[in-house]
Amino acid sequence: MSYQAEYSKSIETPELFWGEKAQDLEWFKKPETILSKDENGIDRWFADGELNTAYLALDYHVENGRADNTAIIYDSPVTGQKRKISYLELRDEVAKFAGVLKSQGVEKGDRVVIYMPMIPEAVIAMLAVARLGAIHSVVFGGFAPHELAVRIDDAEPKVIVSASCGIEIAKVIEYKPMLDQAIEKSAHKPSACVVLQRPEAEASMIEGRDIDWQEAMKTAEPADCVPVKGTDPLYILYTSGTTGKPKGVVRDNGGHAVAMKYSMKAVYNVEPGDVFWAASDVGWVVGHSYIVYGPLLAGCTTIVYEGKPVRTPDAGAFWRVCEEYKAKVLFAAPTAFRAIKKEDPDAKLLENYDLSNLDTIFMAGERLDPPTYHWTIEKTAKPVIDHWWQTETGWAICGNMTGIETLEPKPGSATVPSAGYNVQILDSEGNELPAGEQGSIAIKLPLPPSCLPTVWGDFERFRTGYLSEYPGYYCSGDGGYKDEDGYVFIMGRTDDVINVAGHRLSTGEMEEIVADHEAVAECAVIGINDPLKGQQPVGFVLLKDGVEIEDDALEAELVGLVRKEIGAVACFKKAVVVQRLPKTRSGKILRKLMRQIADGQDYSIPSTIDDPASLPELEDVMNRNGIVTE
1 MSYQAEYSKS IETPELFWGE KAQDLEWFKK PETILSKDEN GIDRWFADGE LNTAYLALDY
61 HVENGRADNT AIIYDSPVTG QKRKISYLEL RDEVAKFAGV LKSQGVEKGD RVVIYMPMIP
121 EAVIAMLAVA RLGAIHSVVF GGFAPHELAV RIDDAEPKVI VSASCGIEIA KVIEYKPMLD
181 QAIEKSAHKP SACVVLQRPE AEASMIEGRD IDWQEAMKTA EPADCVPVKG TDPLYILYTS
241 GTTGKPKGVV RDNGGHAVAM KYSMKAVYNV EPGDVFWAAS DVGWVVGHSY IVYGPLLAGC
301 TTIVYEGKPV RTPDAGAFWR VCEEYKAKVL FAAPTAFRAI KKEDPDAKLL ENYDLSNLDT
361 IFMAGERLDP PTYHWTIEKT AKPVIDHWWQ TETGWAICGN MTGIETLEPK PGSATVPSAG
421 YNVQILDSEG NELPAGEQGS IAIKLPLPPS CLPTVWGDFE RFRTGYLSEY PGYYCSGDGG
481 YKDEDGYVFI MGRTDDVINV AGHRLSTGEM EEIVADHEAV AECAVIGIND PLKGQQPVGF
541 VLLKDGVEIE DDALEAELVG LVRKEIGAVA CFKKAVVVQR LPKTRSGKIL RKLMRQIADG
601 QDYSIPSTID DPASLPELED VMNRNGIVTE
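Note that full-length UniProt numbering numbers the sequence shown so that position 444 is 444, with each residue one more than the last.
Now the structure itself:
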């Protein structure tokens, strides 16, 4: 079937289309109702079906001849460890750890927070929670105690699973003290914490609350799979919103499993037994979808890589992993390839490796700039596929469906909408715009399977944040345009969420932290273009009258505050003092205008500006501090 035929069928007859795809799964009870409305009037998929995602990812393969196939390859250049785990071994480990959680009272519908590095135990914990019909919420291991505490209070987990430490380049990061601080800060207290002790850092344990992973596994009774409804939640994953409080994206079991299984073939063109490598982290949506669930549901081998694209040990790390494990697909954020290009611009290290098994390189998580696109193709001689999706959707909104029909790519475009995504470009009145005109990117309802049906514990936030701006549509928060061939070009966020090395971060939250400093009267944080990370946050600060502090000292203190409250992942490294900020007469800071100046773009002075002289003043400050880019 051609792409156009596949896409048209998914849009014109969505129930028929997704009902057929659902038959590729082994349901405990096959769904008869394919699409329905829930109590909030939201479209839901496979409401009366019953399944268990961990069963589909593990037990199903064990029972159907893949028991000895490799499920996980663990490769850790930071520790020197390598390990292969078969489907049977993984199923048994997951069943035992599910027994550990069950012994702590975890049942269907309970939440479990997972705060772990990139190790097999993180995957085991996720699947064990799913096995019990419970709901996991994975928090990226680099987040600071405050961020973890906010998520603990929102998800209210019965149990938290962690490790004694994570390992970065030549640096051990102790997780347990951060976990203890987070629990101290949070109003909600878990009944137990299961902690994996790693040899690089032994964690002190709190008696009566903390449980040693290894010791608990010795006596654990394996737990069976618990059937859940298609609409029951599988996980909560927090993503930055325009306010400081993160949004808990809810993913259901049925729609997620159907979309993951479908996308592995349709989008990535992989078959059972193929080696699939998403070089991400389980703390992000790419890790959920394409390190854990997608590859295992499809019977593939997935790579869990505890390392970086560079300096573990060098810029040939990705090529080494691809050759050693015969990866068919490599999927990473553009920032990874920019880092490799920076350290090895001529790709000399690539000459040491054989990439003959690698079919395709996929990139997502941020805009793929044409120079990185062209460099990667030129040096690897492999097709590079840019695709666009969000934490909220769980899989590609737009891409090149290589398992259906590979279309001619266009640099700067995420190609065309995936099956089920009726993508439209709208003006401020909600009218569809003609080809070539920029507007807001929206998806006409119903959304396809796997997309969020709500925000955890706050349906109103889901409705106002995603559905209210354009009734009948999901508003993506991204702007862009379609060309005359229907190719979609993503031009960036329409709100204050920035993308730093593929991580969505709220500048609003950073502003709250900066404004808390006793010397700061007012501030603005914007994302500026960065050749390596895509975007970097920069703070602009007005001092309180009478305050005397050296600019360098203030910058160091503000950088420290953001690092303490959000974590190193924020990459907040620059804060400059200004005499005034450009504002409208009503007092609104003109952040978009500030971004345009910083990015060296032409801009027009809005009629509502309070003081036009503030703009050349700001431009001068940016130039003196090396902020303006081209």
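No residue lacks a Cβ here, since even glycine has one placed at the ideal position from N, Cα and C.
What is the DSSP secondary structure of residue i, reduced to helix, strand or coil?
i	result
Ile-209	Note that residue 209 is Arg in the sequence shown here, rather than Ile. Three-state result, Arg-209: coil.
Gly-294	helix
Ile-135	strand
Ala-155	helix
Gly-439	strand
Trp-319	helix
Val-94	helix
Tyr-373	helix
Gln-596	helix
Thr-239	strand
Asn-352	helix
Leu-432	It should be noted that the sequence gives Glu, not Leu, for residue 432. Here Glu-432 sits in strand by DSSP.
Ser-289	helix
Gly-85	It should be noted that the sequence gives Ile, not Gly, for residue 85. Of the three classes helix, strand and coil, the one that applies to Ile-85 here is strand, per DSSP.
Gln-181	helix
Glu-50	strand
Glu-522	strand
Arg-311	coil
Leu-505	strand
Gly-539	strand
Leu-581	coil
Are residue i and residue j close, meaning C-beta to C-beta below 9 angstroms?
i	j	result
Met-260	Tyr-293	yes
Ile-135	Tyr-55	no
Phe-276	Thr-302	yes
Gln-424	Ala-396	no
Asp-48	Pro-31	yes
Gly-436	Asp-427	no
Val-285	Leu-237	yes
Ser-86	Ile-119	no
Trp-456	Val-249	yes
Glu-89	Trp-213	no
Arg-311	Lys-533	no
Val-194	Ala-223	no
Leu-296	Leu-35	no
Val-139	Ile-114	yes
Gly-105	Lys-158	yes
Asp-611	Lys-583	yes
Ser-137	Val-267	no
Gly-283	Phe-143	yes
Ala-327	Lys-379	no
Ser-10	Pro-448	yes
Met-264	Cys-225	no
Asp-478	Gly-465	no
Using DSSP bridges, identify the partner residues of residue i.
i	result
Asp-386	Met-363
Arg-111	Ile-135
Lys-37	Asp-43
Asp-483	Its beta-bridge partners do not exist; DSSP assigns none.
Asp-478	Arg-493
Cys-398	Trp-388, Pro-417
residue 631	Here the chain has residues from 1 to 630 only, and residue 631 is not among them.
Ile-173	Gly-166
Cys-193	Ile-160, Asp-210
Pro-233	Asp-252
Ile-119	Paired residues: none, contrary to the question.
Can you tell me where the beta strand (DSSP E) holding residue i begins and where it ends?
i	result
Lys-533	No beta strand (DSSP E) contains Lys-533, which DSSP labels as neither H nor E.
Tyr-305	301–305
Asn-253	No beta strand (DSSP E) contains Asn-253, which is instead part of the alpha helix (DSSP H) from 253–266.
Gly-166	165–168
Leu-426	422–426
Lys-574	574–577
Phe-276	275–278
Starting from residue i, trace the alpha helix (DSSP H) in both directions and tell me its first and last residue.
i	result
Thr-70	Counting along the chain, Thr-70 falls outside any alpha helix (DSSP H), though it belongs to the beta strand (DSSP E) covering 70–76.
Val-621	614–624
Ser-10	3–12
His-61	60–63
Val-559	551–565
Quick check: the segment 618–626 against the segment 559–568, are at least 3 beta-carbon pairs closer than 8 angstroms?
Two segments are said to touch when three or more pairs of C-beta atoms, one from each, lie closer than 8 angstroms; by this definition the segment 559–568 does not touch the segment 618–626.
Are at least three pairs of beta-carbons, each pair with one atom in the segment 180–191 and one in the segment 60–79, less than 8 angstroms apart?
no
Using a Cβ distance threshold of 8 angstroms, determine whether the segment 159–166 contacts the segment 251–265, with at least three qualifying pairs required.
In short, these stretches do not touch, since the Cβ pair count stays below three.
Does the segment 524–539 come close enough to the segment 570–581 to have 3 or more Cβ pairs within less than 8 angstroms?
Contact between the segment 524–539 and the segment 570–581 is present, because at least three Cβ pairs lie under 8 angstroms.
Three-pair Cβ contact test at 8 angstroms for the segment 357–372 versus the segment 495–504:
yes
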